[in-house]
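Residue numbers (numbering that gives the first Met the number 0), protein chains in the order written: chain A, 0 to 342; chain B, 0 to 342. Each residue gets a CB set at the ideal place from its N, CA and C atoms; glycine is no exception. Structure record follows, encoded as structure tokens.
There are 2 protein chains.
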Amino acid sequence: MGVGTVSRVINGSAAVSEATRRRVLEVVAELGYEPNATARALSTGRTRSVGVIAPFFTRPSVIERLRGVAPLLASSGYQLVLFDVERPDQRTGVFRSVIGRVDGLLTISLAPPKADLRRLAAAGIPVVLVDHAHESVATVTVDDLEGGRMATEHLLSLGHRRIAFAGDTDDGVHGASASSRRCIGYQRALADAGVPLRPELVKLRPHGREAPAIAEELLALATPPTAVFAASDLQALAMIDTLEERGMGVPDDLSVVGFDDVELARYAGLTTVAQPLEDSGTRGAELLLSALEGDDVLQARQHLSLELVVRGTTAPPREGETGRGEHGPKTATDGMISQASPT
Amino acid sequence: MGVGTVSRVINGSAAVSEATRRRVLEVVAELGYEPNATARALSTGRTRSVGVIAPFFTRPSVIERLRGVAPLLASSGYQLVLFDVERPDQRTGVFRSVIGRVDGLLTISLAPPKADLRRLAAAGIPVVLVDHAHESVATVTVDDLEGGRMATEHLLSLGHRRIAFAGDTDDGVHGASASSRRCIGYQRALADAGVPLRPELVKLRPHGREAPAIAEELLALATPPTAVFAASDLQALAMIDTLEERGMGVPDDLSVVGFDDVELARYAGLTTVAQPLEDSGTRGAELLLSALEGDDVLQARQHLSLELVVRGTTAPPREGETGRGEHGPKTATDGMISQASPT
DNA sequence: TGATTGGATGGAAGCGGTTCCACGAGGGGG
DNA sequence: CCCCCTCGTGGAACCGCTTCCATCCAATCA
Chain A
0 MGVGTVSRVI NGSAAVSEAT RRRVLEVVAE LGYEPNATAR ALSTGRTRSV
50 GVIAPFFTRP SVIERLRGVA PLLASSGYQL VLFDVERPDQ RTGVFRSVIG
100 RVDGLLTISL APPKADLRRL AAAGIPVVLV DHAHESVATV TVDDLEGGRM
150 ATEHLLSLGH RRIAFAGDTD DGVHGASASS RRCIGYQRAL ADAGVPLRPE
200 LVKLRPHGRE APAIAEELLA LATPPTAVFA ASDLQALAMI DTLEERGMGV
250 PDDLSVVGFD DVELARYAGL TTVAQPLEDS GTRGAELLLS ALEGDDVLQA
300 RQHLSLELVV RGTTAPPREG ETGRGEHGPK TATDGMISQA SPT
Chain B
0 MGVGTVSRVI NGSAAVSEAT RRRVLEVVAE LGYEPNATAR ALSTGRTRSV
50 GVIAPFFTRP SVIERLRGVA PLLASSGYQL VLFDVERPDQ RTGVFRSVIG
100 RVDGLLTISL APPKADLRRL AAAGIPVVLV DHAHESVATV TVDDLEGGRM
150 ATEHLLSLGH RRIAFAGDTD DGVHGASASS RRCIGYQRAL ADAGVPLRPE
200 LVKLRPHGRE APAIAEELLA LATPPTAVFA ASDLQALAMI DTLEERGMGV
250 PDDLSVVGFD DVELARYAGL TTVAQPLEDS GTRGAELLLS ALEGDDVLQA
300 RQHLSLELVV RGTTAPPREG ETGRGEHGPK TATDGMISQA SPT
């Protein structure tokens with residue numbers, strides 16, 4: 000029994016007589032032989048695994064995306080190799096180090112450097128970007144700008160005028176510009192409504208991890224906002240916690256809108272802009288799988304839609320605090336007709 | 000420049016003259032050369048990656064464990080390869096297929112077949128079991144039995160007597176016997192309190208995914224329970240949803256206790272038995288990493304402790320419903336003195 | 001000055017598969 | 001009866017790296 004024959008039997012390739020096939024299988028079973036995946040990968044050039052690169056993959060929003068990815072990969076026989084990016088220096092090397100380790104690549108909320116994308120392409124590794132737009136590879140995105148607008152308009156329609164924005168600094172490290180696009184939507188909505196943008200109400204912090212600090216700063220303002228639009232649910236939730244610790248009632252004293260609609264948001268009753276997280280993962284995986292089958296998906300641009308979900312953290316501002324009189328003292332003269340047009 | 004020399008420079012092994020080293024590095028930079036990880040793995044027998052096997056890894060409890068694992072692996076330079084087990088047939092092969100793909104293995108809430116454990120040992124792959132006890136490999140566990148007892152005793156101390164248990168069928172597929180151990184704790188607590196075990200109050204369903212069905216069945220009973228101990232927070236939460244849809248108030252009409260204390264539980268205000276999920280991941284990763292360094296950790300048995308966290312889903316039963324009169328009609332004769340000894 | 005020693009270097013072997021090619025045997029057609 | 005095909009099979013070459021061994025050269029020592 001030559002090595003070639005055994006290989007052929009195991010891979011079911013080419014023609015092998017029924018007799019030898021049976022004999023090989025017999026011996027394989029007896030020896031409990033299991034082919035070495037690494038050797039096979041080296042020889043064939045295919046690893047049967049796809050890489051998923053995500054910053055802080057245990058974040059709820061990423062996890063919900065993975066919920067869409069995992070089942071598809073599992074049922075297609077691909078191994079899921081997770082590359083967690085937690086520090087800037089990790090990101091530098093990841094895109095390079097995956098070459099030769101994976102057959103395909105899916106990134107979540109990350110902007111791959113153009114140079115790396117070129118190398119990947121040269122290496123014949125298909126790439127799909129979930130939650131990040133790019134001109135030359137397949138992407139699955141939502142209209143963050145529009146989402147920012149939706150959240151802000153909701154607040155405006157409730158009668159709010161002093162609306163803060165809490166987001167991530169687009170440090171360029173993770174290239175997660177979703178937050179900044181949402182901020183643009185926020186600014187546009189304000190502009191369209193003729194509400195002046197007040198720079199002191201726009202708070203940016205790295206990683207979206209310092210919502211408490213932002214809450215404190217906002218509260219310390221001479222005239223605090225009556226509403227906050229946070230660029231992610233996690234930020235919104237953390238902010239609400241801090242606010243309530245400081246004795247502020249949500250939404251009575253302050254309205255809060257989030258973004259994403261992660262599972263937690265439902266339980267916390269958070270008003271938020273919902274994006275189809277799990278679906279984004281599914282679409283991304285579909286795209287990648289089809290690229291691995293040989294299809295050309297470079298032009299694919301999946302656009303998922305957003306939806307405002309109004310729950311319990313937004314309400315009209317207290318009387319006299321619509322913020323119309325920008326700097327004016329809190330004169331409680333408006334009576335009770337502050338509700339604009341609730342959804 | 001021979002291949003050997005280049006290899007030596009790249010791996011910083013053995014002696015290479017400063018001149019050649021510089022020259023090699025130069026060319027490497029110029030060519031943008033990146034070593035092929037697969038070939039390296041085949042040659043050295045080390046993959047620089049560790050496998051994590053978990054059933055449904057996107058479940059909150061697993062994710063929180065991974066939160067402990069990921070940072071440690073990342074900072075030690077190991078790749079995290081995730082093997083998601085969603086179907087029984089996947090489990091059969093996983094333990095075999097990891098051989099040759101990973102240097103070490105960490106399983107979560109899974110019972111590896113003894114035979115596979117032997118093969119792994121023979122292949123020199125260290126294994127750490129998180130959330131599953133085993134005699135011959137390193138484990139990180141909690142005392143589920145005691146946890147079941149804690150939850151049940153809490154309910155008993157509130158005055159409940161008709162206490163239901165909602166858990167997973169220990170189908171042997173995932174070998175997740177945590178649920179059944181918790182059930183034993185539940186039974187012991189009842190026995191110790193002299194409360195007879197009523198089989199119709201013990202509901203087991205696969206995957207812990209059918210809490211709604213269990214809730215329905217419980218409600219349909221001639222004399223429904225006044226409290227439920229669910230073997231996981233997810234089950235508890237799903238059950239509460241269903242209960243409330245049916246017009247039952249929690250905890251007014253029915254008390255519910257969960258298990259795990261996942262993040263959601265905090266937001267949902269669920270009373271539950273808290274186990275240090277993230278910490279379990281950290282401990283597991285530490286053990287594995289140290290085994291990878293060559294330490295013998297086979298005897299390691301990390302025992303983490305549990306804690307009852309009382310929130311808003313448990314309360315004394317309604318008057319006259321302590322269940323003392325097992326089958327008795329709901330005679331509302333007890334007056335208002337139903338509170339036993341609230342925590 | 002010749003022998004000795006040790007550091008630097010080149011390259012072959014091997015890791016465990018897959019694949020291609022050559023070869024042999026058996027069968028059908030001329 | 002011989003030739004040619006075809007099918008089945010064995011094994012060499014190769015995938016890209018590490019590692020060991022042999023070689024070489026220069027410096028040190030006698």
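Contacts around residue i, its chain only, beta-carbon distance under 6 Å, and the 5 residues preceding and following it disregarded
i, result
"A163/A", "L200, L217, P224, V227"
"V139/B", "V129, S279, R282, G283, Q301"
"H159/B", "T225, A226, P316"
"V272/B", "G146, M149, A150, F258, L305, L307"
"A13/A", "R7"
Alpha-carbon spacing of residue i relative to residue j, whole angstroms
i, j, result
"V308/B", "E145/A", "42 Å"
"A212/A", "S231/B", "34 Å"
"D102/B", "S48/B", "6 Å"
"I239/A", "D260/A", "15 Å"
"E63/B", "E277/B", "5 Å"
"E134/A", "R58/A", "27 Å"
"A192/A", "L155/A", "8 Å"
"L79/B", "E215/A", "38 Å"
"T313/A", "R161/A", "14 Å"
"M149/B", "A235/A", "34 Å"
"L203/B", "L105/B", "28 Å"
"S6/A", "R22/A", "13 Å"
"A132/B", "P111/B", "10 Å"
"R117/B", "A36/B", "27 Å"
"D143/B", "V136/B", "19 Å"
"A264/A", "E244/A", "19 Å"
"L24/B", "A114/A", "20 Å"
"G322/A", "L157/A", "Summary for G322/A: the model assigns pLDDT 47, below 50, so the residue's position carries little reliability; its value from the coordinates is reported in the next sentence. Each residue's alpha carbon lies about 12 Å from the other."
"A339/B", "F55/B", "Low local confidence applies: a pLDDT of 36 at A339/B is under 50, so the model's placement there is unreliable, and no value is given."
"D251/B", "A237/B", "17 Å"
"A331/B", "E318/B", "Confidence in A331/B is poor, its pLDDT being 36 and thus under 50, which makes the residue's placement too unreliable to answer from."
Residue span of the beta strand (DSSP E) that contains residue i, given as start and end
i, result
"P54/B", "48–54"
"E306/A", "306–308"
"H302/A", "300–303"
"R204/A", "201–204"
"D278/B", "First-last for D278/B: 276–291, but that is the alpha helix (DSSP H), not the beta strand (DSSP E)."
"D232/A", "Element bounds for D232/A: not the beta strand (DSSP E) but the alpha helix (DSSP H), 232–244."
Option nearest residue i by Cα separation, candidates the options
i, options, result
"E85/B", "S108/B, R148/B, V68/B, V23/B", "S108/B"
"M247/B", "A219/B, K113/B, R265/B, A229/B", "A219/B"
"G293/A", "R95/A, P125/A, V15/A, Q89/A", "P125/A"
"F258/B", "N35/B, D251/B, D167/B, P70/B", "D167/B"
"I52/A", "A264/A, T4/A, G92/A", "G92/A"
"G31/B", "L41/A, D83/A, S96/A", "S96/A"
"N10/A", "E29/A, P34/A, E17/A", "P34/A"
"I98/B", "L81/B, P198/B, A122/B, S75/B", "A122/B"
"F255/B", "H153/B, V141/B, Y266/B", "In the sequence as displayed, the identity of residue 255/B is Val instead of Phe. Ranking H153/B, V141/B, Y266/B by Cα distance to V255/B puts H153/B first."
"S178/A", "R187/A, A165/A, A190/A, L189/A", "A165/A"
"L288/B", "G311/B, V127/B, L196/B, L233/B", "V127/B"
"L41/B", "P70/A, V27/A, R100/A, R20/A", "R100/A"
"R45/A", "D88/A, L297/A, Y77/A", "Y77/A"
Same chain, Cβ closer than 7 Å to residue i, five either side skipped, listed in chain order
i, result
"V2/A", "none"
"L242/A", "A214, V249, L253"
"P275/B", "L303"
"H206/B", "D167"
8 Å CB neighbourhood of residue i in its chain, flanking five on each side removed
i, result
"A38/B", "none"
Span of the alpha helix (DSSP H), counted from its first residue to its last, around residue i
i, result
"A192/A", "It is not in any alpha helix (DSSP H) - A192/A carries neither H nor E in the DSSP assignment."
"Q89/B", "87–96"
"S43/A", "Inspection of the sequence shows that residue 43/A is occupied by Thr rather than by Ser. Where T43/A is concerned, the enclosing alpha helix (DSSP H) stretches over 36–43."
Open item on the list: Along the stretch 229–252 of chain B, where does the CB come closer than 7 Å to a CB of chain A? Name the residues.
Closed with: Within the stretch 229–252 of chain B, no residue qualifies.
Task: Contact set between the stretch 46–58 of chain A and chain B, restricted to residues whose Cβ is under 8 Å from the partner - done: Within the stretch 46–58 of chain A, the residues whose Cβ lies closer than 8 Å to some Cβ of chain B are T46, S48, F56, T57, listed in chain order.
Open item on the list: Residues of the stretch 290–316 of chain A in Cβ contact with chain B at a cutoff of 8 Å, in chain order, please.
Closed with: none
Open item on the list: Which residues of the stretch 261–282 of chain B have a Cβ closer than 8 Å to any Cβ of chain A? Give them in chain order.
Closed with: E262, L263, Y266, A267
Open item on the list: For the stretch 92–103 of chain A, list every residue whose C-beta sits within 8 Å of some C-beta in chain B, in sequence order.
Closed with: Within the stretch 92–103 of chain A, the residues whose Cβ lies closer than 8 Å to some Cβ of chain B are R95, S96, I98, G99, R100, listed in chain order.
Open item on the list: Along the stretch 113–135 of chain B, where does the CB come closer than 7 Å to a CB of chain A? Name the residues.
Closed with: none
Task: Within 7 Å of chain A by C-beta, residues of the stretch 57–79 of chain B in sequence order - done: T57, I62, L65, R66, A69, P70, A73, Q78, L79
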